[in-house]
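Q: Below you will find the structure I want to go over with you.
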Amino acid sequence: MLSGLAGCAGGLGGSTPPDTYGLSEAPQVTGQTVRNRQILIVEPTALKALDSEQIVIRPTSSSIQYLAGSQWSDRLPKIVQDKLVQAFENSGRVGGVGRPGDGLAIDFKIITAIRAFEIKADAGEQAVVELSAKVLNDRNGVVVASKVFGATAAVSGSGNAAYVQSLDRAFEEVVRELVAWSLARI
Numbered sequence: 005m006l007s008g009l010a011g012c013a014g015g016l017g018g019s020t021p022p023d024t025y026g027l028s029e030a031p032q033v034t035g036q037t038v039r040n041r042q043i044l045i046v047e048p049t050a051l052k053a054l055d056s057e058q059i060v061i062r063p064t065s066s067s068i069q070y071l072a073g074s075q076w077s078d079r080l081p082k083i084v085q086d087k088l089v090q091a092f093e094n095s096g097r098v099g100g101v102g103r104p105g106d107g108l109a110i111d112f113k114i115i116t117a118i119r120a121f122e123i124k125a126d127a128g129e130q131a132v133v134e135l136s137a138k139v140l141n142d143r144n145g146v147v148v149a150s151k152v153f154g155a156t157a158a159v160s161g162s163g164n165a166a167y168v169q170s171l172d173r174a175f176e177e178v179v180r181e182l183v184a185w186s187l188a189r190i
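See below:
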């Protein structure tokens with residue numbers, strides 16, 4: 005079970021470097037075409053436990069550990085932002101998409117918060133990903149719509165790669181729904 009895989013980050017000292025994981029390519033998304041709109045994807049906010057390179061494991065509903073010997077390739081909010089940008093770009097349904105500093109004349113901002121991005125071990129091993137999203141009209145500062153997106157995926161297999169793959173599957177579902185929903189609101 006997870007107890008052998010979870011442990012404190014930082015206690016690795018001179019041992020083997022941790023395995024580093026990313027998420028797969030952004031999923032293909034369908035939705036309304038709004039080629040005359042440019043959107044900005046703001047870096048998601050997250051609590052400190054999720055705002056790092058560590059992969060979160062929840063052995064109980066009130067405790068957090070990190071997947072031993074593993075890490076994300078960057079801080080999780082940066083990875084989520086990058087995948088959201090890719091998903092909007094790959095959709096071909098907006099005039100432009102970027103991050104702060106890209107110099108776009110922005111029509112709408114997509115503001116997200118990472119609520120969960122973890123393996124829950126207390127109810128069977130499953131990945132849980134939950135993002136809240138707001139579509140903000142950048143011209144007048146009005147929130148056009150907001151919604152919480154969530155998905156779960158059972159862990160199939162064993163080992164750290166199996167945990168990351170289940171997180172990837174759950175995140176892919178959240179991205180697909182979030183992008184299609186956003187396109188319908190801008």
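In this note's numbering, the protein residues as written are 5 to 190. Just so it is clear, CB atoms sit at the ideal spot from N, CA and C, and this is done for glycine as well.
#1: How should Ser-67 be labelled, buried or exposed, when 16 other C-beta atoms within 10 angstroms of its C-beta is the threshold for buried?
#2: Could you please give the first and the last residue of the uninterrupted alpha helix (DSSP H) stretch that includes Ser-186?
#3: Going by DSSP in three states, Ile-190 sits in which element: helix, strand or coil?
#4: Quick check: Leu-140 and Gln-42, are their CB atoms within less than 8 Å of each other?
#5: From Arg-173 to Leu-88, what does the alpha carbon distance come to, in whole angstroms?
#6: Whole angstroms is fine: what's the gap from Val-183's alpha carbon to Phe-121's?
#7: Between the stretch 63-79 and the stretch 28-40, are three or more C-beta pairs nearer than 8 Å?
#8: Using the beta-carbon count (16 or more within 10 Å), is Pro-48 buried or exposed?
#9: Determine the burial state of Arg-97: buried for a count of at least 16 other Cβ atoms within 10 Å of its Cβ, exposed for fewer.
#10: Straight-line CA distance for Leu-16 to Trp-185?
#11: Just how far apart, CA to CA, sit Gly-105 and Leu-80?
#12: Would you kindly report the start and end of the unbroken alpha helix (DSSP H) that includes Ile-198?
#13: With DSSP collapsed to three states, give me the class of Lys-52.
A: Taking the coordinates as given:
#1: exposed
#2: 164-187
#3: coil
#4: no
#5: 15 Å
#6: 18 Å
#7: no
#8: buried
#9: buried
#10: With a pLDDT of 44 at Leu-16, under the threshold of 50, the modelled position of that residue is not reliable, and no figure is offered here.
#11: 20 Å
#12: An answer regarding residue 198 cannot be provided, because it is not within the stretch 5 to 190 covered by the chain.
#13: coil
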